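Chains as they are written, first to last, in the numbering used here: chain A, 3 to 429; chain B, 3 to 429. Cβ atoms here follow ideal geometry from the backbone N, Cα and C, with glycine treated the same way. Model, not experiment: these values are computed from the prediction. One structure is given below, encoded as structure tokens.
There are 2 protein chains.
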Amino acid sequence: MTYPVNLSLSEAARRIAAGRLTAEALVSACLEKIQALEPEIRAWAHVDAKAALLRARQCDQQSARGGVHGIPFGAKDNIDSFDMPTEHGSIVYEGHRPAADASCVALARERGAILLGKTTTSEFAHVTPGATANPRDPARIPGISSSGSAAAVAAYMVPVAIGTQTGGSIIRPASYCGVIGYKATYGDFSLSGVKENTGSLDTLGFFVRDISDVAVFRAAMLGTQPTTCAEVSLADLRIGFCRTPFWDQAEDSLRSQLETAVSHLSSGKARVRDITLGEDAVQFVEALRSISAFEFSRALAHERIHHGNRLSAALRSGRMHDGLNCSYEKYVEACGIAEKFRGDLDCMSADCDVLVTPACTGEAPVGPPAKESPVFNTIWTGSHRPAVSLPVFAGPSGLPMGLQVVGHRHQDEKLIECAAAILRALG
Amino acid sequence: MTYPVNLSLSEAARRIAAGRLTAEALVSACLEKIQALEPEIRAWAHVDAKAALLRARQCDQQSARGGVHGIPFGAKDNIDSFDMPTEHGSIVYEGHRPAADASCVALARERGAILLGKTTTSEFAHVTPGATANPRDPARIPGISSSGSAAAVAAYMVPVAIGTQTGGSIIRPASYCGVIGYKATYGDFSLSGVKENTGSLDTLGFFVRDISDVAVFRAAMLGTQPTTCAEVSLADLRIGFCRTPFWDQAEDSLRSQLETAVSHLSSGKARVRDITLGEDAVQFVEALRSISAFEFSRALAHERIHHGNRLSAALRSGRMHDGLNCSYEKYVEACGIAEKFRGDLDCMSADCDVLVTPACTGEAPVGPPAKESPVFNTIWTGSHRPAVSLPVFAGPSGLPMGLQVVGHRHQDEKLIECAAAILRALG
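See the structure below:
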């Protein structure tokens, strides 16, 4: 019998529904895994073992409803929980206890999912990292800022963990840690109870280890009826291969493996064409930087004014400083550039079901500190499109690198179906 | 000498900066006014007189910086304050004390504005009203949901008070109470620390009694440098007169006065043309209803799940019920309709500086309970445009009714300049 922590979310849920696994056994196994690995990985800001076990036993008393019933999950610590601290990766919020669950947590719990704990986040989901190590190589970073959620899933501590992405904070950690990362269409998941970083870019998503888990947990977080994704044939796929203007920043190994993968998809009868982005994409990314700086410096006004000396220097001197020095006129100009690019990209890629593109520049760097770049993520976050990172490549050090699949806005289910087809073809 | 409470924000700020008025005198006068009228008007959920006076004396010790230095303000009670309760108009949040100020409160305070207290809101800024009476006629409603803020400014309790609008919650109360209401371009003011109602529609704004106050307080809330609005000539204005497809729902008196006003603007050399909205505007408003229901029912998931019996029946059986029964497909379809209409409206009105349209259907109705409609507001909230209500009309009972001026997105300053020109012409 497979050890419970090794089960995917969907398989665990099926076994719980069929009476072949108890939620208590699954939660216990996850807690044991956390106990064993947490000293090295440090993926959690807070774990409530007792409450999780109690809730698991309650779930086992109820008739299992399938979906996510009895499934333990983690939530990034910038997402409110009414019964656990929510510290936003900052000493400013030490011991802070919100009044309510964030929408996504409340909805997942309503379906029977069990919040095991809160996963580490960088300070206010910005650049100053938490203490989490990469489970694939603890000398390397797990990625920023949803580092704890990515690491917890990669280390088999939990089958699913929620994260947020403003730049590349889901897709990049997923790529570095070798798990599947999913960032939803902007606006689909309610941000109620999620600490604002950049209101017009912040997007929820999560990490899992099996592509079939994405649609299941998405329905739970969205409060919609679970659906079964269709199995689409590679031959029915119209794929846009988008190297982006930042292609040269990707490591050789990633570029060559992605080219090979695309050839493989093409020879598998998928219709593939190049999507070439020009200078306007570079301007778009630059505009997103202004938007993020302007909004971030306002969203964290209270923290800057009342707790300035408890914020990291990187936060104060970086995006916050830039934002306070960004004029409204420049912000509005940036909003205009962003809106135009979104529309142009929609037109340009209308005949593609999905785009494939790098999820990151390469393997997880050694650190922290580490220099890393969200160039392959901000375009898609800024264009409000759903994206999935698939752990299909391995770098020179044998560490995972992701292939990113990007869908059209509000076509998240189609994206998931296409990503599954690509994964089958390359897996 | 004018009694301090009768001063506009700008005039009070000028006097404070010139040493002709102290913040303490102004705050004291506002507190006296509140003490005198609050038993009848009930505009406040919480007032902290002691803290406000202390802060006023501190302001008086500092060199006055102009702008909003020493100016008392109110904030709707769905907006977080770290040193006062924030109860969202619901017994669920009785005594709730947030960890931080909302962005807009923090930024206004940073410029020296003094938070006098929290103004009443309907339950979660939805339909179940607070206890506030209309200062123009206490037998009538002040409008929903930023009722307390509108009434507090109309009753001269405070020169400015912040509100939120998801349907018509600023413009309508402003119209009913006979003050100036300003709703910003969607997204400009950070919603950090504002309780989510409908994430893709919620917009901040405020109430004042003088048009010259709008740009001043806007700069404070936005964290930008104060600017001086230009005085534009009526002859330079290109005005679109938009009756909307809901024209027949406006009372005769309002319609005829608006027609007369438009003729007057036209004879004053403003270039006026009709903007006719068709069936697509009706569909747009219908789509906004689906969007709001879907998002609202998710934003308040925690409250529904944990405190369902402490929510009003109107909230549960109305928008929340509709939202839980709205499929994702219907929501996405509605998002598509909304996005298309926004673009079409931009094209259709590109040659107009502003649109003029009713702010409400007529005078404030007797109540509560009262039947009233946001039909003249949701179009503009949903199109993410800035809007101002000007108290220039009087209904059959002698009560105020507003003329609404609508600008283009991110052209809030231009809107304010145009609204000032219209006010001068009609005033």
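Original post:
If you draw a straight line from the C-alpha of A/D324 to the C-alpha of A/A38, how long is it?
Top reply: 42 Å
**OP:** My understanding is that A/C106 touches A/I143, with C-beta atoms under 8 Å, so please give their C-beta distance in whole angstroms.
**Re:** Not really, about 25 Å apart at Cβ, beyond 8 Å.
**OP:** Below 8 Å on the Cβ atoms is my guess for A/G119 versus A/V29; work out the distance and round it to an integer in Å.
**Re:** Not a contact, Cβ separation roughly 11 Å.
Subject >> Reduced DSSP category for A/Q167 - H, G, I as helix; E, B as strand; rest coil >> reply: strand
Original post:
If we ignore side chains and look at the alpha-carbon of each, how far apart do B/A396 and B/A101 end up?
Top reply: 43 Å
Original post:
Span of the alpha helix (DSSP H) holding B/L347?
Top reply: Y330 to M350
Original post:
Which stretch, first to last residue, makes up the alpha helix (DSSP H) that contains A/K35?
Top reply: A25 to I43
Original post:
With C-beta atoms as the reference, is A/S255 less than 8 Å away from A/P393?
Top reply: no
Original post:
Using 8 Å as the threshold, is the region 366 to 376 of chain A in touch with the region 289 to 297 of chain A, meaning 3 or more CB pairs across them?
Top reply: no
Original post:
Under 8 Å, do B/A361 and B/G404 count as touching if we go by C-beta distance?
Top reply: yes
Original post:
What three-state label does DSSP hand A/L118 in the structure shown?
Top reply: strand
**OP:** Starting from the C-beta of B/E96, find all residues in its chain whose C-beta is less than 7 Å away, skip the five residues before and the five after it, and write them out in chain order.
**Re:** E89
Original post:
When the distance is taken between beta carbons, is B/V210 closer than 8 Å to B/F243?
Top reply: no
**OP:** Would you give the residue range spanned by the alpha helix (DSSP H) that B/G384 belongs to?
**Re:** V377 to G384
Original post:
Does DSSP put B/R22 in a helix, a strand or coil?
Top reply: coil
Subject >> Closest residue to A/E198 among B/A237, B/L193, B/T200 and B/N199 (Cα-Cα distance) >> reply: B/L193
Subject >> Spatial distance of B/R257 from B/S10 (CA atoms) >> reply: 30 Å
Original post:
In this structure, does DSSP put A/L290 in helix, strand or coil?
Top reply: helix
Original post:
B/R240 bridges to which residues according to DSSP?
Top reply: B/R273
Original post:
Under a three-way DSSP split, which group does B/D353 fall into?
Top reply: coil
**OP:** Please name the residue, chosen from B/T121, B/A352 and B/S92, that lies closest to B/A315 on a Cα-to-Cα basis.
**Re:** B/S92
Original post:
For chain B, is any of its Cβ atoms less than 8 Å away from the one on A/G201?
Top reply: yes
**OP:** Measure the C-alpha to C-alpha separation of A/D414 and B/E335 and round it to an integer number of angstroms.
**Re:** 14 Å
**OP:** Answer with buried or exposed for B/R321, where buried requires no fewer than 16 other C-beta atoms within 10 angstroms of its C-beta.
**Re:** buried
Original post:
Straight-line CA distance for B/S124 to A/T4?
Top reply: 53 Å
**OP:** Mark A/N327 as exposed unless 16 or more other C-beta atoms lie within 10 angstroms of its C-beta, in which case mark it buried.
**Re:** exposed
**OP:** Evaluate contact between the region 379 to 389 of chain A and the region 374 to 387 of chain B, counting only Cβ atoms and requiring at least three cross-stretch pairs below 8 Å.
**Re:** no
Original post:
Going along the region 320 to 332 of chain A in order, which residues come within less than 8 Å of chain C, judged by CB to CB distance?
Top reply: The displayed structure is made up of protein chains A and B, and chain C is not among them.
Original post:
Using a Cβ-Cβ cut-off of 7 Å (strictly less than) and excluding sequence neighbours within five positions of A/A217, which residues of its own chain qualify?
Top reply: T229, C231, E415 and I418
Subject >> Endpoints, the beta strand (DSSP E) within which B/M403 is located >> reply: P402 to V408
Subject >> Proximal residues of chain B, C-beta to C-beta of A/F219 below 7 Å >> reply: Near A/F219 there are no residues of chain B at all, since even the closest Cβ is about 15 Å away, more than 7 Å.
Subject >> Simplified DSSP assignment, three categories, for B/I143 >> reply: coil
Subject >> Chain-order list of residues whose beta-carbon lies under 8 Å from that of B/T246 (same chain, five-residue window excluded) >> reply: L279, A283, T359, P360, V377, F378 and I381
Original post:
If you run the structure through DSSP and keep just helix, strand and coil, what is B/S97?
Top reply: Here the sequence assigns Gly to residue 97 of chain B, which means Ser is not the residue at that position. In the structure shown, B/G97 sits in coil (DSSP, three-state: anything other than H, G, I, E or B).
**OP:** Spell out whether any CB of chain A is found under 8 Å from the CB atom of B/G189.
**Re:** yes
**OP:** Compare the C-alpha of B/D212 against each of B/D204, B/A340, B/A163 and B/G169 and name the closest.
**Re:** B/A163
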